[in-house]
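Below: the structure, in structure tokens.
Residue numbers (the numbering used here): 183 to 1104.
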């Protein structure tokens, strides 16, 4: 099979050339369709080129990424940056060039750091994308060619084989034993058997038995299909379109930071305006008044806040990356810590997305001689040598099976997922496929079909074994109709009552399990009619098992106050069974599984049905939703958000992608997850460990605590600067801080201790308190009052020391200014030790144990020394040469006094929060 020598994409219209794109028809209404199939001629290359020009490439459109230039420019779209830019412009206007350039340098530094972090996140995602192109087998000009899938067009006749990715939506015109894995679209892990027939009018995705959809995988069989839709017109394309239209909102963390920034701006403008009006009213020099207002504006804005917030979140990204969790956006981990409702898909998220044998119903005789089914779970299957029906059941499950063992390991298999599960089951119980098949070579086969609902194989023995063996598996009703007796566990045959076995199969199915019946016959039979007069061996039930550790992870989420909700496209009984196994619901929980039919249509946010009634501001009830479409997942998610909850969404398929993008925090599975889900997600679990979500939540809550810690620290430092400048102006003190001195304090001595607070260890009780609500911010009234007290204590101590030295020691105005600068620098460095709560020990607490705090203080002292040693920098900062040891000793001692006062106030219960009083109510 040779690829086409010339890619059809060369024939695409050039830019500016119009191209008509008609809408393909679902039923594949293409000319001479039957002749294409009977003769396998397909389209001509000429016709294919024309259609490619009309319909375009078979490629799904993706949302255009933001350019690097726009990412860089977006770093300047901040109200805080705007205020600083105005301050820089005013300084430049009045000839303070050094101050102006210094302020602009701070703005640029913040922008560069933010740009680097976003660019790094994008590079990470580019490395995760699947960039490989897919090939497709298609008939063109009476030849079977292999071409790039993007060159396929509606009307193409494609060939499908086991293991192939379906390249476009198509209608089957011929098939042999074809089954497709459609979990990427429907969420159901079981394969779907296909037929070649006309499509019904307006069928749903789940019921289109003669349609194969782009992105699904052929598990078994082969077939020919006529392409009916390509690119954006496919079912996959429509789901991706829904995902792209489902815009992701700003994260709660970003909203909180923006809200805090706006409050600081109004505070800055109010104080600056008050000083300006008061100064002009009292007849002060206009230049001095404006300069003071600029100093106040610079002091009020914590220039280090964006930098520290960005780097603290980056620290969280690195820590999560060590646990194989890729964080695409800086605020994602913190938002996950705030999550109140976690919506999760079943297939591939809660479960392994693979079928596995869950148990066996074997025949046994009661005292009256009646043969009844006896269910045994896989874990309880023991003493197989004494159970002859199980031994034969394993043999038949291997022989009546088209899955193959590959490689050296007995568990390396390919084929239909259900048949692979049977091979693995047999291997686990000591039956090796190669040995069993070698003893009974296959002679004939009746392949499984949706019409017969069974598969049968005929085997001739090797050596002295029985002459012939018939093996059958299929739907319980079909197989039982061909059985007259059953083989019991002790090897005897007994009369069969089909009603008992049909009831057993129904009971298993109602638990969400897939059930097959197995039977055999020993002895010679007619080769044309060998699947008759069978002996029942039992029933085998299958399920998609939960992931390892999933129950404990869900228990941890619930203990942390997080509501876990399953939303799946699978059957309600299957969803309930998984809910019971994973701990989402209890055995005595009589809550009904809510189906997608109970949810409103895609154009409304109102939810109907007995389990989800209420106003749009009420949270939906129930924790398990089944038969849910992607649109209905969006409705459900929106209802939780409208009720005020922070919602996370975890999934792996294309059908999950719209909800993942719309959620406050989107989570995708890395192994086996689709590109669409990964693109839409904020977090990607590379090893698919659901327990990693719990760890990320714990770390997210710790990140928020640390963010709050450094916000309190930074704002109290900035407010102390404001109070010092304002008080100096009001009392006509001749030594206020200069704008460049304030910038130095804000960008050097504030930033590094605040950044060190981002490394503070997470409180061990963080997962035993409820999550914060959407309306809760970084600070509440009590936290603001603490900031005010901190700043007031620092201001009073520093100004008292400056007034004393100026009055008693005769310091000049410049010396007093320098003393205020050094004292405030010392007080702000020591102030980091005021942060522990009132129950913490003075000398041993989370702050004193944080080595980065000590390194930050040492770095700040060194940077201050370097700034002093460089004469040009010293002059710009307005610092005089130190000639008196008191200029060093006094600031150090003055800086310690606020710490002692604040800690004593906390010990006395007059200040600070306890662990139970979590300050998150803004």
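Backbone N, C-alpha and C fix where the C-beta goes; we use that ideal spot for every residue, glycine too.
Check the C-beta distance from residue i over to residue j and give it rounded, since I have them as a contact under 8 Å.
i            : j            : result
residue 750  : residue 810  : 6 Å
residue 414  : residue 243  : 5 Å
residue 636  : residue 657  : 7 Å
residue 289  : residue 337  : Actually they do not touch by this definition, with Cβ atoms about 58 Å apart.
residue 891  : residue 1017 : 6 Å
residue 1141 : residue 490  : With the chain covering 183 to 1104 only, the question about residue 1141 has no answer from this structure.
residue 1073 : residue 1005 : 4 Å
residue 760  : residue 694  : 7 Å
residue 816  : residue 841  : 6 Å
For residue i, is the classification buried or exposed, using 16 other Cβ atoms within 10 angstroms of its Cβ as the cut-off for buried?
i            : result
residue 364  : buried
residue 982  : exposed
residue 1088 : buried
residue 574  : buried
residue 279  : exposed
residue 949  : buried
residue 1044 : exposed
residue 1084 : buried
residue 703  : buried
residue 960  : buried
residue 963  : exposed
residue 353  : buried
residue 711  : exposed
residue 727  : buried
residue 741  : exposed
residue 860  : buried
residue 939  : buried
residue 441  : exposed
residue 952  : exposed
residue 287  : exposed
From the options, pick the residue whose C-alpha is nearest to that of residue i; which is it?
i            : options                : result
residue 609  : 629, 656, 570, 560     : 560
residue 823  : 845, 980, 806          : 845
residue 617  : 643, 1067, 599, 634    : 643
residue 515  : 887, 986, 706          : 887
residue 827  : 239, 800, 805, 804     : 800
residue 557  : 549, 291, 1028, 544    : 544
residue 732  : 880, 834, 533          : 533
residue 537  : 282, 698, 665, 1014    : 698
residue 1063 : 1028, 1077, 1020, 1001 : 1001
residue 1066 : 542, 992, 903          : 992
residue 867  : 499, 894, 653          : 499
residue 847  : 879, 659, 835          : 879
residue 924  : 778, 953, 676, 900     : 900
residue 1075 : 1029, 1007, 1041       : 1007
residue 282  : 755, 530, 1048, 920    : 920
residue 870  : 1056, 884, 849         : 849
At the level of alpha carbons, what is the spacing between residue i and residue j?
i            : j            : result
residue 252  : residue 400  : 42 Å
residue 497  : residue 766  : 33 Å
residue 583  : residue 629  : 10 Å
residue 600  : residue 373  : 8 Å
residue 1086 : residue 1092 : 9 Å
residue 1090 : residue 1025 : 17 Å
residue 293  : residue 1061 : 29 Å
residue 404  : residue 624  : 21 Å
residue 663  : residue 358  : 25 Å
residue 174  : residue 554  : The question about residue 174 has no answer here: the residues shown for the chain are numbered 183 through 1104.
residue 814  : residue 396  : 21 Å
residue 928  : residue 1058 : 16 Å
residue 459  : residue 746  : 56 Å
residue 418  : residue 862  : 15 Å
residue 852  : residue 829  : 20 Å
residue 661  : residue 640  : 16 Å
residue 493  : residue 1013 : 21 Å
residue 214  : residue 627  : Unreliable placement is indicated for residue 214, whose pLDDT of 42 sits below 50; no coordinate value is reported for it.
Report yes or no: do three or more beta-carbon pairs, one from the segment 497-513 and one from the segment 524-537, lie closer than 8 Å? no
Does the contact criterion of 3 or more C-beta pairs under 8 Å hold for the segment 1028-1044 versus the segment 920-934? yes
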